[in-house]
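Trainee:
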Amino acid sequence: MKKLFLLSTLIAFSVPALADFNCNGSIKNRTIDDNVKVHKQCVLDHVTIKGNLMLHSNSHTAIKNSTIDGNLESKGNFSQVNAHANRIDGNIQLEDGRNIQLTSNRVNGNIQLKDNSGSIVVKNNRVNGNLECEDNRVKPTGGTNRVSGDKEDQCRHL
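Residues -19 to -1, 1 to 139 in mature numbering (1 follows the signal peptide of the UniProt record, and there is no 0) are what the sequence shown lists, from first letter to last.
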């Protein structure tokens, strides 16, 4: 029993813990093995994120030609997100923000846009889950999205 405890303790301490990476500025042609947090302005181009991309209050984010192994999600009142030609293996969950532009992305989960106050464009995306838009102040625009699941509420015609 002591050997099992010692072995499990050694394994637990030998695995490196993920530390969040704060993006402020531009990152190009890089792999980040952590979650990425955006508090101000962040431009990501040809970046691989091995965790989630998290948008915080008043953040401005542009991400293009990149891969997110986890989710693209908001943690507060973000100002703007522009995502173009990315692969997102998780979900896009954007709530309580302002302006959103999602174009030509491949999303292996769901897109969920809720309670946002600015303009929303959802165009030419491939979504393996559902496309859900609910209680946004401005009706989302766009179209030609290929959705394997359901198109719901404000996004049912996109």
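Quick reminder that beta carbons are idealized off the backbone N, C-alpha and C, glycines included.
1. Please classify T48: does DSSP put it in a helix, a strand, or coil?
2. Thinking C-alpha only, which one of H37, G51, F59 and T48 is nearest residue 141?
3. In the DSSP assignment, find the unbroken beta strand (DSSP E) run with F2 in it and report its ends.
4. Just to confirm, are N111 and N86 a CB contact at a threshold of 8 Å?
5. For G124, count neighbouring C-beta atoms within 10 Å of its own C-beta (all shown protein chains included) and say buried if the count is 16 or more, exposed if not.
6. When DSSP builds the beta bridges, which residues end up paired with T84?
Mentor: The relevant details are as follows:
1. Sequence index remark: in the sequence shown, residue 48 carries index 67 (1-based). Strand at T48.
2. For residue 141 there is no data in the structure shown, the boundaries of the chain being -19 and 139.
3. In the sequence shown, counting from the first residue as 1, residue 2 sits at position 21. It spans F2 to I13 - the beta strand (DSSP E) in which F2 sits, taken as one unbroken run.
4. Within the sequence shown, numbered from 1, the residue matching residue 111 stands at position 130. Within the sequence shown, numbered from 1, the residue matching residue 86 stands at position 105. Contact flag unset, no.
5. Within the sequence shown, residue 124 is the residue found at index 143, counting from 1. Answer is exposed; the Cβ neighbour count stays below 16.
6. For this step, residue 84 is matched to residue 103 along the sequence shown. Per DSSP, H65 and K104.
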